[in-house]
Amino acid sequence: MKKVVLIIIIIFFTKNSYAQTSASFNVGGDIDKFYPVTFYDGGWYYNAPTNLILGRSSVHTDSDWRGSLMAAFNFHVTAYGHGSNFIDANIKPSIGSVGSFIAEWRDATGNGTCTCIIIWLRGGGTTYYYQSNYPVNPTVYDGVQNPLPYNEVNGPAHSFRTTVEEYAIPSGTYQNRNAYFAANVGIGTINPDEKLTVKGKIHTQEVRVDMAGPLVPDYVFANDYKLKSLQEVEDFIKENKHLPEIPSAHEIEKNGLMLAEMNMNLLKKIEEMTLYMIEIKKEMVKQNDKILTLESKLKSKAND
């Protein structure tokens, strides 16, 4: 019976020895630089991702108002091409005088077998407390504890950073893989009525809209297209106070504006306007020819 109890105790402590690791480390160097710190993927050989938490609860740790930090990393390295690798990061905004504590991160195993990731952390004698579900063995390359640069096995060399990458700005969650949602997504609203509903402004460099061919109004230039006369268009405008096939202000206020549909309708109007201008040009040429003919006849009579 004693042997059974002893075995159970050994199994319990062995299992829990991998369940939680907590300690701290210090990054030296200059306060305005971020230094590479490697973290071992302790879960790799257990076929599981490693969860790493970096924290500084007190804003006064190391010096007055240096700053607080809460960051959670969930990662699995490729280890020289095994795949299924990812680094997910959730960084909360820090309060303090130095700004961000994390500048960048990367998988350092693409060309070698170190089985680790690199996180660039602010130096200047800054203390970081960590917890992990597997051993992560943080190794600091700050030119004090270990020399710079840090050299990946069969890979590039890494020194300190002086700027923070956009993806490392502490304002939310970062994932280096696609995200898929079966339902609707709302930004600024809890009641999205489309695949993506945004309450507010959108700032982007470009918007691409996929459309089927028949929706594009190039049919306006077909020989059998019936173009309304300008008189018909004028009569419609007088009666309805808007262009044909263009929604009125009241309709837009009530139902919103469908950009793809509106853009195609506006393109159609531009194409129709082009046809009108071509016809007007032809009529002007005819009129000009008539004027020249009349002027020629008048000159002939004047010379008789």
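If you use mature numbering (1 follows the signal peptide of the UniProt record, and there is no 0), the sequence shown corresponds to residues -19 to -1, 1 to 285, in order. For every residue, glycine included, the Cβ atom is placed at its ideal position computed from N, Cα and C. Fair warning: this is a prediction, and the values are worked out from it, not measured in the lab.
- Nearest Cα to K176 within the set E187, F162 and H184: F162.
- According to DSSP, residue pairing for Y109 in a beta bridge involves F6.
- Taking C-beta atoms as the reference points, Y16 and V121 count as a pair closer than 9 Å.
- Between T108 and D43, the CB-CB gap stays under 9 Å.
- Here P130 is exposed: its Cβ has fewer than 16 other Cβ atoms, across all protein chains shown, within 10 Å.
- Annotated three-state conformation of E133 is coil, per DSSP.
- If you look at M258, you'll find it in the alpha helix (DSSP H) that goes L240 to N284.
- Under a 10 Å Cβ-count criterion, D22 is classified as buried, with 16 or more other Cβ atoms of the shown protein chains found around its own Cβ.
- For G36, the CB contacts under 8 Å within the same chain, skipping 5 residues up- and downstream, are L50, M51, A52, Y109, Y110, Y111 and Q112 in chain order.
- Bounds of any alpha helix (DSSP H) do not take in V79, whose DSSP letter is neither H nor E.
- Take D11, set aside five residues on each side of it, and the residues of its chain with a beta-carbon closer than 7 Å to its own are G104 and G105, in chain order.
- Between P198 and T185, the alpha-carbon positions lie close to 27 Å from each other.
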